[in-house]
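Okay, so here's the structure we're looking at.
There are 2 protein chains.
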Amino acid sequence: MAEQIASTCEQTRARLLEAAREVFSQCGFQGATVREICRRADANVAAVNYHFGSKDDLFSEALNFNQLKALQTENATADKCPEKRLRLFVHDFMLMLLDEKNASRQCRMMARELADPTPALDKIVTEAIAPLHEFLGRLVFEIVGDRAGETERRRCVYSLLGQCVFYRNSYPVLQRLTPELRYDRKEIEAIAGHIADFSLAALLAKK
Amino acid sequence: MAEQIASTCEQTRARLLEAAREVFSQCGFQGATVREICRRADANVAAVNYHFGSKDDLFSEALNFNQLKALQTENATADKCPEKRLRLFVHDFMLMLLDEKNASRQCRMMARELADPTPALDKIVTEAIAPLHEFLGRLVFEIVGDRAGETERRRCVYSLLGQCVFYRNSYPVLQRLTPELRYDRKEIEAIAGHIADFSLAALLAKK
DNA sequence: TTTACTTTCAAACAAGCGTTTGATATGTTG
DNA sequence: CAACATATCAAACGCTTGTTTGAAAGTAAA
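Top to bottom, those sequences are chains A and B. Here the first sequence stands for residues -12 to 194, where the numbers follow the working numbering. Here the second sequence stands for residues -12 to 194, where the numbers follow the working numbering.
Next up, the structure:
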């Protein structure tokens, strides 16, 4: 039946995509090898090129910003004051970034991309990062108003995001500085709380 | 004369080290190739292995934390209140991180290391990053006192450093978000000013 | 000059990478 | 059943990587 071959073919595709997300988020684009992805997907080395064309294209297709977008629309429609929504954002965002149990590895792939750009960087910036920055820019504006100029507000967004991604991208270093560090749910929420406190204090001082 | 051969040999070594710092800081450890380093040093491909043993060892020897240490001792002996010293630190640190004209590329090699660890990570953490964190921990303590516990003070250090390294490590993204972005001296000092303002407001709110 | 040692060099090596190929198996269609 | 299209596979290709090699060049001491 047509559905059956299509189905087994799609199954291979799906397994490749899942394995790709796993390996890319763990090893980065360069560090990930096609062979390792295929090994985890129980597929032949040639499978990636057959189904996706190239490693670059596989990476591009493996990217998915749904969860990040959902986080934003959810946050924007939350019936809360901007301060609480910033708190909520940091909380959800840090869970996405740090929680190993989190099914979505998209954010981690993106965070890695920040440090070590791939051919897909333009797509990522346009589709995910730029909207995220705009979203945060509006949130900051709601808090500080136009007391701070556009440049200053953008730098506030950078300050916020810089704190967030630091915990992910510098994990190998932080792990060595404080060997007992583990990103369990309690720790993540404590970190998110600190970042929100720190940033809100800085933002509210501008009012 | 013994001095002459020693001298020409040392010259090759020196040229290799200089080229290595250039390429490593630009491309990272993985991205840098032995061939490119030797090309810039006007040396044979075998030179790296002859003089240093391996690419790893060359990287290790190319690291040099003098400027970072100097920044700290200079800062610690400055006759200023802790708030002003934090301001001074951020200013000097950001110049080290972002100023292309800055002769020392050490800091940029280190910042890259944060995101993409190499075999030399342990050395870097022990000799440079850990002391830097201790230094900043003391500075934060001078500002907030023991009102904030040790964990909280450490997170404040992370918040500060996270903001700083963000501008370096995320440059490819920021460049795409605001194409007119250039790290000239004026821009760097404006950024440093923002980070210091932002962080001091957050820290002083804890008092 | 001869001898011994150090430094440089072109060339090759071994391993890993993404990708391609041609055969084989599998399922569909006339 | 025969002819065809699709999917999988082992194997190999072409390339780049860090590293090694053995000869040549250069220098210092006898």
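For every residue, glycine included, the Cβ atom is placed at its ideal position computed from N, Cα and C.
Interface residues of chain B facing residue i [CB-CB closer than 7 angstroms]
| i | result |
| --- | --- |
| residue 75/A | Near residue 75/A there are no residues of chain B at all, since even the closest Cβ is about 19 angstroms away, more than 7 angstroms. |
| residue 17/A | 17 |
| residue 7/A | Those do not exist, as residue 7/A stays about 20 angstroms from chain B at its closest Cβ, beyond 7 angstroms. |
DSSP-derived helix/strand/coil call for residue i
| i | result |
| --- | --- |
| residue 60/B | helix |
| residue 166/B | coil |
| residue -8/B | Low per-residue confidence applies at residue -8/B: pLDDT is 39, beneath 50, and the placement is therefore not dependable enough to give any value. |
| residue 115/B | helix |
| residue 186/B | helix |
| residue 176/A | helix |
| residue 124/A | helix |
| residue 0/B | helix |
| residue 67/A | coil |
| residue 27/B | helix |
| residue 156/B | helix |
| residue 32/A | coil |
| residue 6/A | helix |
| residue 45/B | helix |
| residue 87/A | coil |
| residue 51/B | coil |
| residue 110/A | helix |
is_contact[residue i, chain B] using C-beta, thresh 9 angstroms
| i | result |
| --- | --- |
| residue 12/A | no |
| residue 192/A | yes |
| residue 239/A | The question about residue 239/A has no answer, for chain A in this structure spans -12 to 194. |
| residue 176/A | no |
| residue 101/A | yes |
| residue 225/A | Because chain A is modelled from -12 through 194, residue 225/A falls outside the range shown and cannot be assessed. |
| residue 131/A | no |
| residue 142/A | yes |
| residue 166/A | no |
Neighbour list for residue i in chain B, Cβ cutoff strictly below 8 angstroms
| i | result |
| --- | --- |
| residue 32/A | Within chain B, no residue comes near residue 32/A; the closest Cβ sits about 22 angstroms away, beyond 8 angstroms. |
Per-residue contacts from residue i into chain B (C-beta, under 9 angstroms)
| i | result |
| --- | --- |
| residue 152/A | 149, 153, 156 and 157 |
Partner residues on chain A for residue i, Cβ-Cβ distance less than 9 angstroms
| i | result |
| --- | --- |
| residue 163/B | 108, 109, 112, 113, 116 and 117 |
| residue 92/B | Within chain A, no residue comes near residue 92/B; the closest Cβ sits about 17 angstroms away, beyond 9 angstroms. |
Given residue i as reference, the closest of the options once Cα atoms are compared
| i | options | result |
| --- | --- | --- |
| residue 136/B | 194/B, 36/B and 11/B | 194/B |
| residue 40/B | 113/B, 21/B, 163/B and 28/B | 21/B |
| residue 111/B | -1/A, 163/A, 187/A and 142/A | 163/A |
| residue 128/B | 165/B, 73/B and 116/B | 73/B |
| residue 62/A | 174/A, 192/A, 54/A and 75/A | 75/A |
| residue 45/B | 106/B, 181/B, 87/B and 158/B | 106/B |
| residue 83/B | 133/B, 66/B and 12/B | 12/B |
| residue 139/B | 189/B, 102/B, 167/B and 104/B | 189/B |
| residue 153/A | 78/B, 165/B, 26/B and 100/B | 100/B |
9 angstroms Cβ cutoff, residue i in contact with chain A
| i | result |
| --- | --- |
| residue 182/B | yes |
| residue 160/B | yes |
| residue 78/B | no |
| residue 189/B | yes |
| residue 38/B | no |
| residue 2/B | no |
Interface partners of residue i on chain A, CB under 8 angstroms
| i | result |
| --- | --- |
| residue 139/B | 181 |
Selection of the stretch 51 to 76 of chain A by Cβ proximity to chain B, strictly under 7 angstroms: For the stretch 51 to 76 of chain A, no residue has a beta-carbon sitting nearer than 7 angstroms to a beta-carbon of chain B.
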